[in-house]
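Visitor:
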Amino acid sequence: MIGRRFSRRAVALAGTGMLVLAAGDAWAQSATSLGTVTVTGQAVPSSQSMVTAAPEALPASTTVIGAEEIERRPLAHYVDIFRPVAGMIVSNFGQGGIGYGIGMRGFQTSQHGRDISYTVDGMPVNSVSNLHTPNNADLNFILPESIERVDIIRGPFSPEYGQANIAGAVNIVTKQSDAAPSVGMSGGSFGTARGAVTASRVEPSPRARR
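Counted the way my numbering counts, the sequence shown spans residues 1 to 210.
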């Protein structure tokens, strides 16, 4: 009985070996030799990297409102520039010369834009210590007719705008002194009217007079 068991196992193993060899032969017969594959690469020329403080070069969402866009908009106040901008909210306190509440990226609007860093022609406007709130900003001294361009930078990506740019930064560029004089009038509901005259005068410096 033992001998028969061994003989049966030997026959079974031999049959398995024949199947493996047959499968190997089948794979060997179906293999296809490939031709020579040549991979070539070409370097892409890249432009020289420039380090700049321009708003367009920052890794953030930026909006630049130019002179043509400002001319097309009916602006009664400087804050009207920000109303159609995505991500910005303007609150009017209705108290005349009080600074507007301007919010950006979900930051609160009831604190006179304290989380936004404002500069006018590169000069900071935020008050570090103020009765209303730290970093208070009041831009009521700016006439919309005097604005040449507005740069809006969302997010605290630019260190040049100081500590107030938690929500972002706004840089207002005014028109140059050689801009032509302008006269404008506008009217609205409830008998409201507005008129503005802009002009500039350039005088030589004391050194130039010498």
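In this text, a Cβ means the ideal position worked out from N, Cα and C, and glycines have one as well.
Bridge partners for P124 per DSSP, in chain order?
Guide: The sequence position of residue 124 within the sequence shown is 124, counting from 1. DSSP output for P124 lists T119 as bridge partner(s).
Visitor: On a Cα-Cα basis, can you pick out the residue from S33, V64, T62, Y78 that is closest to P144?
Guide: On the sequence shown, position 144 is the one that residue 144 refers to. The candidate whose alpha carbon is nearest that of P144 is Y78.
Visitor: Excluding five sequence neighbours on each side, which residues of the same chain lie with their C-beta closer than 6 Å to the C-beta of S115?
Guide: Taking the sequence shown and counting its residues from 1, one reaches residue 115 at position 115. Correcting the residue identity first, residue 115 is Asp in this sequence and not Ser. So the qualifying residues of the chain are F107, I166, A167.
Visitor: Do G184 and A199 have their CB atoms nearer than 8 Å?
Guide: Position 184 of the sequence shown, counted from the start, is the residue given in the question as residue 184. Position 199 of the sequence shown, counted from the start, is the residue given in the question as residue 199. Note that the C-beta distance between G184 and A199 is not below 8 Å.
Visitor: Just to check my reading of the structure: I81 and V37 have Cβ atoms closer than 8 Å, yes? What is that Cβ distance to the nearest angstrom?
Guide: The sequence position of residue 81 within the sequence shown is 81, counting from 1. The sequence position of residue 37 within the sequence shown is 37, counting from 1. About 60 Å separates the two Cβ atoms, so there is no contact after all.
Visitor: Starting from the C-beta of D121, find all residues in its chain whose C-beta is less than 8 Å away, skip the five residues before and the five after it, and write them out in chain order.
Guide: Translated into the one-based positions of the sequence shown, residue 121 becomes position 121. Excluding five sequence positions before and after D121, the CB atoms of its chain that fall closer than 8 Å to its own CB belong to I172, V173, T174, given in chain order.
Visitor: Round the Cβ separation of T62 and I152 to the nearest angstrom and send it over; I've been treating them as touching at under 8 Å.
Guide: If you number the sequence shown from 1, residue 62 lands on position 62. If you number the sequence shown from 1, residue 152 lands on position 152. That pair is a contact at about 7 Å.
Visitor: If we call anything under 8 Å between Cβ atoms a contact, is R154 one with R105?
Guide: Counting from 1 along the sequence shown, the entry for residue 154 is found at position 154. Counting from 1 along the sequence shown, the entry for residue 105 is found at position 105. Yes.
Visitor: Look up A67 in the DSSP assignment and say whether it is helix, strand or coil.
Guide: Numbered from 1 along the sequence shown, position 67 holds the residue referred to as residue 67. A67: helix per DSSP, three-state reduction.
Visitor: Going by DSSP, name the residue or residues bridged to N136.
Guide: Here residue 136 refers to the residue found at position 136 of the sequence shown. S127.
Visitor: So, with DSSP's three-state summary, where would you put G191?
Guide: Here residue 191 refers to the residue found at position 191 when the sequence shown is read from its first residue. The answer is helix: DSSP assigns G191 an H, G or I state.
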